[in-house]
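Numbering (full-length UniProt numbering), first residue to last: 1 to 317.
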């Protein structure tokens, strides 16, 4: 007890020192006043105030803040436009002069928000009033740039900086929205009809090209087939004539009558007609005069083949 009585003043000083210790959270700046007058700012962490003389009048947040706004504007052609937007802003920096602006420009945070939203709303309305209803939907980016340009300097005077402004929704009165929907639907139908017409034209064109190519290919194939058939018939006749000539030469060398082989070939031909005729009716003159006439024709063909071969041999010699 004697110790406490002797050193009570030390304990009082320690208590006063502890009373002057103040903590500022991260993301905030403390504004210190003395007798109502600005004194200094306090950074985040542990700070010391003169007990009973200095006080923290306000803690200024330097974090990003956002606010949603909804308001109405009227276009140049008297159409009502409804906006839903989001504003993102923050204190410019943590410098002392900036913090003083933020702390003492407005009485409270509520007054700041009211002034900020009314300023942005008025700026948007002044821009929309110069445009027609049909232009608004395509001017979203221009509206944002115009508002930023107009309020940036004002916010700097208040110690704030506009980080972002987004227009989330733009709507009109129901009657206007219905008419816009009909216009879009009719344009879509028109575009669909044009696309279908172009597709049909392309289909018809390609079909005609394919048909023409098919006819061309078929004609070329028929021509080639006819040429090959003609070559086959010619080769067949040539082989027949060669075979008949060889047979006739062999019979002459054997001192046999060539009419025998001709008669044999004639009957063999009639036999082949009957076998491969496939039901077709072939009329042949079976009289002796007809056979004699046919024999003479065959012999003339054989004689011509022999003469041709003899001419070829002379030419080679």
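Note that CB positions come from ideal geometry on N, CA and C, so glycine has one too.
### Query
Taking Cβ to Cβ, would you say residue 27 is nearer than 8 Å to residue 78?
As a first step, residue 27 must be located in the chain shown, where it is residue number 27. As a first step, residue 78 must be located in the chain shown, where it is residue number 78. Not closer than 8 Å, so no.
### Query
On the three-pair Cβ rule with 8 Å, is the stretch 69-84 touching the stretch 115-134?
Taking a cut-off of 8 Å on C-beta distances, the stretch 69-84 touches the stretch 115-134, as three or more cross pairs fall below it.
### Message
Using a Cβ distance threshold of 8 Å, determine whether the stretch 155-170 contacts the stretch 196-207, with at least three qualifying pairs required.
### Response
No: the two stretches stay apart, fewer than three of their Cβ pairs being nearer than 8 Å.
### Message
What does the Cβ neighbour count give for residue 30, buried or exposed, with the cut at 16 atoms within 10 Å?
### Response
As a first step, residue 30 must be located in the chain shown, where it is residue number 30. It is buried - the Cβ of residue 30 has at least 16 other Cβ atoms within 10 Å.
### Query
Between which two residues does the alpha helix (DSSP H) carrying residue 125 extend?
The residue you call residue 125 lines up with position 125 of the chain shown. Per DSSP, residue 125 belongs to the alpha helix (DSSP H) from 109-128.
#### Entry: Start-to-end residues for the beta strand (DSSP E) that takes in residue 106
Taking the chain shown and counting its residues from 1, the one referred to as residue 106 is at position 106. Run containing residue 106: none; DSSP gives neither H nor E here.
### Task
Could you tell me how far apart the beta carbons of residue 91 and residue 160 are, in whole angstroms, since I believe they sit closer than 8 Å?
Indexing the chain shown from 1 puts residue 91 at position 91. Indexing the chain shown from 1 puts residue 160 at position 160. Sure, about 6 Å apart at Cβ, within 8 Å.
### Task
Have a look at the DSSP bridge pairing and note the partners of residue 75.
As a working note, residue 75 is residue 75 in the chain shown. Beta-bridge pairing links residue 75 to no other residue.
### Task
Write down the C-beta distance between residue 165 and residue 144 rounded to the nearest angstrom, noting that I regard them as a contact closer than 8 Å.
The residue given as residue 165 occupies position 165 in the chain shown. The residue given as residue 144 occupies position 144 in the chain shown. Rounded to the nearest angstrom, the Cβ distance from residue 165 to residue 144 is 5 Å, consistent with a contact under 8 Å.
### Task
Please say whether residue 24 and residue 51 have beta carbons closer to each other than 8 Å?
Taking the first residue of the chain shown as 1, we reach residue 51 at position 51. Taking the first residue of the chain shown as 1, we reach residue 24 at position 24. In this structure, residue 24 does not lie closer than 8 Å to residue 51 by Cβ.
### Query
Does the Cβ of residue 9 have 16 or more other Cβ atoms within 10 Å, making it buried, or fewer, making it exposed?
Working through the chain shown from its first residue, we reach residue 9 at position 9. Burial call: exposed.
### Task
Just grab the DSSP bridge partners of residue 24 for me.
Position 24 of the chain shown, counting from 1, holds the residue named residue 24. Under DSSP, the beta-bridge partners assigned to residue 24 are 45.
### Query
Which partner residues of residue 38 appear in the DSSP bridge assignment?
Taking the first residue of the chain shown as 1, we reach residue 38 at position 38. Its beta-bridge partners are 33.
### Task
Can you say whether residue 89 is buried or exposed, counting buried as having 16 or more other CB atoms within 10 angstroms of its CB?
As a working mapping, residue 89 is identified with position 89 in the chain shown. Classification for residue 89: buried.
### Message
Taking 8 Å as the threshold (beta carbon to beta carbon), is residue 102 in contact with chain C?
### Response
Protein chains in the displayed structure number just one, and chain C is not present.
### Task
Taking only the alpha-carbon atoms, compute the straight-line gap between residue 136 and residue 191 and give it to the nearest angstrom.
Sequence index remark: in the chain shown, residue 136 carries index 136 (1-based). Sequence index remark: in the chain shown, residue 191 carries index 191 (1-based). Cα to Cα, the separation comes out at about 24 Å.
### Task
Over the uninterrupted beta strand (DSSP E) stretch that includes residue 54, give me the two end residues.
Residue 54 sits at position 54 when you count from the first residue of the chain shown. It spans 54-61 - the beta strand (DSSP E) in which residue 54 sits, taken as one unbroken run.
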